[in-house]
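Take any residue in the sequence shown, count from 1 to its spot, add 131: that is its number in our numbering.
Input: a single structure, listed below in structure tokens.
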Amino acid sequence: MHSDPYFCQMESTLDAVAEQDMLSFEAFRTSVIADYRMALMSREVSLLGRREVLTGKAKFGIFGDGKEVAQIALAKFFQKGDFRSGYYRDQTFMFVLKVANVEDYFSQLYADVNNDPYSGGKNMNAHFATEFVNKKGAWSNLVDNFNISADIAPTAGQMVRGLGLAFASNCFRSSKHKAQLTHLSNNGNEVCFCTIGDASTSEGHFWEVVNAAGVLQVPLAIFVYDDGYGISVPTDLQTTKGSISEALKGFEKEKGTNGIKIYTVKGWDYAALCETFEEGIAYTRETHTPVLFHVKEMTQPQGHSTSGSHERYKTSERLQWERDWDCNKKMREWLLLNELTTEDTLQALESEVKQEVRLSKLAAWEKYIAPIKEKINQGVALVQKGLIEADLKIAIELLHELVHSREPLKRDIFRTLNLILEKIPQHPNAKSIQSFLDNYYQHEAPFYSKDLYNEGPLSTLNVSQVDPIYPADAATLNGYEVLNHYFDALFDENPLVYAFGEDLGNIGDVNQGFAGLQHKHGIDRIFDTGIREQSIIGQAHGMAMRGLRPIAEIQYLDYLLYAIQTLSDDIATLHYRSNGLQSSPVIIRTRGHRLEGIFHSGSPMGVIVNALRGIYVCVPRNMVQAVGMYNTLLRGNDPALLIECLNGYRLKETMPSNITEFTVPLGKPEILKEGNDITIVSYGSTLRIIEDAALRLHKMGIDCEIIDVQTLLPFDINHQIVVSLKKTNRIIFIDEDVPGGASAYMYQQVIELQGGYRWLDVAARTLSAKAHRPAFASDGDYFSKPNTEEIIKVIKAMMSE
Ligand SMILES: Cc1ncc(C[n+]2csc(CCOP(=O)(O)OP(=O)(O)O)c2C)c(N)n1
Ligand SMILES: [Mg+2]
């Protein structure tokens, strides 16, 4: 046994590696040198990547330099079937797994829509993703893959998704149907690796997830990369006691308690990193409980990103410390100290790696730029063809910049050729130039817009209508009982479905939709959670990404705001930002409208339709409609929010017999009452007030047509509403949101998009709640939200205009 600490570490690393693979010392040495080569390669990518941005070839860059060695170590323990929910520093981790190669990495840096394999040019560099769902809409064989959930830029957002990806392992482990789900999980043995920067642990997401993971006991391995800064703000302004592992001590798992196991390790210490991760990951894999590694003393050799320089906020001592304790430098010293290699060999390796990265970068650039240059050549040829002498000078001047640009963009082609058409409208080839531009635009534009929702076979829009069947002796039940019977049948029928939220398990939700069902279908599938909306949604999101069908409950619509970041940034963008590689068919169930008081009556539908493009938004008017929508959603692969009407649980409804089969198609409004004088467009519980107003208006001789849009996203796909407007020539959009909220959204859809303005006899109107949040109690509601008398008054005024 050596007394030198370096030798001790080397021996223990040797033990660790040899134990796994029975490697000889020679093989160990080869593998360590291969690790160092990887660290060098990744560093060179960071250096060249930054240069590409500074020279104008790429727009922005953020890199993983200073974090290489730790990632090489942790990647050793990431197995096929495992999941990662990480952030923009993880390039080395991805290179080790071969999820990324250098050429692909640069393709993403250049925003190359054809060759960025992770996001199709939609996401910033170092935002990775692997395929979870294939183009046919079927889940890939996740147990044979390294599963990289698509990255987002909002820091700490990855935590809640990570919780869900880990929690899904628990679900698979306890599932009675796991034998049929072996492509999704190997008995729930998968660990989720979640990486986060030190400063981002200041976010509520982090604390919510550490707490939830400690309660739920999930196989989640959190790695905090501590480089002492969040851009310019140092750790002591971020974290209590300046140390996340210190601050987390109360969460630590002890004998007989739940909680989370915590390790600290230095980010430059290759041997200790390998050893610590090996022990910690084995622990979480075996015990299925969470672990956190506080990886200290990391650096940022090039500063935070290409947006600024760290010399502005780091002292010269700090900068010197970062140079001295650079992980690659320390690993190099360690290799030499332990005589694992020689200076000459390392120098040769270093120049070999530099050359290799340079060539891959050039290949990526060539792939990116060649088709653009080709288009420039085609455009120039069209301009030159048939150009008369008098216009030659103008054309040459305009083309000059485009032709000589070293980094031309597609938009430069559109700008230049359009300018030429504007300046030389008599150009003999003007028509061909215009159609060249139109074709080019039509070819390129879809790359930037596609895959917001599933477009293939599992698009929820493909689900066709199946009408409810009402037998002669159909029961009449309260709305909540309809739901209760439905969920009971659904949980019998579909083993992938789970439901959870605050008060949903034991008491079966605050309105009894799940009453008695936990007892019947098991606590593993129907259960309570803490009050933690953000991570309830994240939990469901991760489960849905792994092929389960969670129904996550937010107790009241008003509290959706707690989860809006995950919904908007992560779930709504997942399919889009992964270029269709991943889907999260999560269903968020909540209830809203028409209760009372500022915090229980909300209907922030404008916020929702604007923030959640990428999630379908269903607003059923009663529980039978809600059931039909649940059935539709469960047949597609898209995420959706379904808002049940709070005042509908005790209203009587007729129970269909085909309760798990009938469907309500998305984007198809329903005419609730035909009429000739005015079209009223609305949704949800407001419809009951409108129906009341329409009855009274009828007695006054005004014949209203009432349309329930049923879903706000998508909205009236086949433009049915304008057909009604053609008949009535008057239209009003009514809801309980603030002025300019969802009523304005519906107005824009019908008047502008459907061309409704052409059929108006009087100005189209919106009628919404007042601009403030609704006051308490029934009179607060009456004066804050549209009421029957107000609706009658506005419609009478419209009729007499
Ligand atoms: C929610 C959110 N706030 C702010 C930012 C801007 N931002 C990007 S990275 C960053 C610092 C993150 O620091 P840290 O978590 O320590 O990670 P590091 O970059 O140091 O690896 C900030 C403030 C962001 N992306 N997301
Ligand atoms: Mg940091």
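Beta carbons are placed, not taken as given, at the ideal position from N, Cα and C, and that holds for glycine.
From a predicted model like this one, the values you see are computed outputs, not experimental measurements.
* Is G285 near ligand 1, with its Cβ less than 7 Å from a heavy atom? -> The residue asked about is misnamed: residue 285 is Pro in this sequence, not Gly. Within the cutoff, so yes.
* Throw me the rounded Cβ distance for the R752 and Y707 pair, which I believe falls under 8 Å. => That pair is no contact at about 30 Å.
* Asked: Tell me, which residues are paired with D659 by DSSP?
  -> G632
* To do: Measure the C-alpha to C-alpha separation of F618 and V163 and round it to an integer number of angstroms.
  => 55 Å
* Asked: So, using beta-carbon positions, are T326 and Y218 closer together than 8 Å?
  -> yes
* Is G439 near ligand 2, with its Cβ less than 7 Å from a heavy atom? -> no
* Closer than 7 Å: is that where the CB of Y356 sits relative to any heavy atom of ligand 1? -> yes
* Quick one: residues in its chain with C-beta nearer than 8 Å to the C-beta of K309, no 5 flanking neighbours on either side, listed in chain order? => F303, S316, N318 and G319
* To do: For G723, write down the residues that DSSP places opposite it in a beta bridge.
  => C776
* Sub-8 Å separation of T660 and F622 beta-carbons -> no
* **Per DSSP, cross-strand counterpart(s) of R215** => I279 and F324
* To do: Evaluate contact between the segment 274 to 293 and the segment 239 to 259, counting only Cβ atoms and requiring at least three cross-stretch pairs below 8 Å.
  => yes
* Asked: Relative to the C-alpha of R819, which residue among T842, L782, E792 and N710 is closest?
  -> L782
* Is any heavy atom of ligand 2 found at a distance shorter than 7 Å from the C-beta of G935? -> Coverage of the chain is limited to positions 132 through 932, which leaves residue 935 absent and any answer about it impossible.
* With a threshold of 16 other CB atoms inside 10 Å of the CB of A900, please say whether the residue is buried or exposed. => buried
* Asked: In terms of residue numbering, what span does the alpha helix (DSSP H) encompassing H903 cover?
  -> Element bounds for H903: n/a, residue is neither H nor E.
* To do: Any chance you could list the beta strand (DSSP E) runs of at least 3 consecutive residues sitting entirely within the segment 186 to 249, in chain order?
  => 214 to 216
* Strand pairing of W270, partner residues [DSSP] -> V264
* Enclosing alpha helix (DSSP H) for I362 [first to last residue] -> Counting along the chain, I362 falls outside any alpha helix (DSSP H), and DSSP gives it neither H nor E.
* Other residues of its chain near I833: CB distance less than 6 Å, five sequence neighbours each side excluded -> D808 and M930
* Asked: H435: beta carbon under 7 Å from a heavy atom of ligand 1?
  -> yes
* Is it buried or exposed for E497, if we count other Cβ within 10 angstroms and need 16 for buried? -> exposed
* **Per DSSP, the bridge partner or partners of F944** => As shown, the chain starts at 132 and ends at 932. That puts residue 944 outside it, with no answer to give.
* To do: Work out the CA separation of V488 and V650 for me, nearest whole Å.
  => The residue asked about is misnamed: residue 650 is His in this sequence, not Val. Near 59 Å, if we compare the C-alpha coordinates of V488 and H650.
* Asked: Taking just the CA atoms, how far does F224 sit from T420?
  -> 23 Å
* Asked: Under the criterion of a Cβ to heavy atom distance below 7 Å, does D329 qualify as lining ligand 4?
  -> Ligands present in the displayed structure are limited to ligand 1 and ligand 2, and ligand 4 is not among them.
* Asked: Can you tell which of D866, T897, V854 and D892 has the C-alpha that lies nearest to the C-alpha of Q885?
  -> V854
* To do: Determine the direct distance from the alpha carbon of S816 to that of S732, and round the result to whole angstroms.
  => 12 Å
* Indicate, with yes or no, if ligand 1 has a heavy atom lying under 7 Å from the CB of R181. => no
* Is K220 near ligand 1, with its Cβ less than 7 Å from a heavy atom? -> Checking the sequence, you will find Arg at residue 220 rather than Lys. For ligand 1, at least one heavy atom lies less than 7 Å from the Cβ of R220.
* To do: Have a look at P917 and P796 and give me their C-alpha separation to the nearest angstrom.
  => 28 Å
* Tell me, please, which residues DSSP counts as bridged to R542. => In DSSP, R542 forms no bridge with anything.
* To do: Could you check what DSSP says for F382 in three-state terms: helix, strand or coil?
  => helix
* Asked: So, using beta-carbon positions, are L589 and G268 closer together than 8 Å?
  -> yes
* To do: Could you pull the start and end residues of the beta strand (DSSP E) that N609 belongs to?
  => T607 to N609
* Asked: Taking the continuous alpha helix (DSSP H) assigned at S491, which residues delimit it?
  -> E474 to Q515
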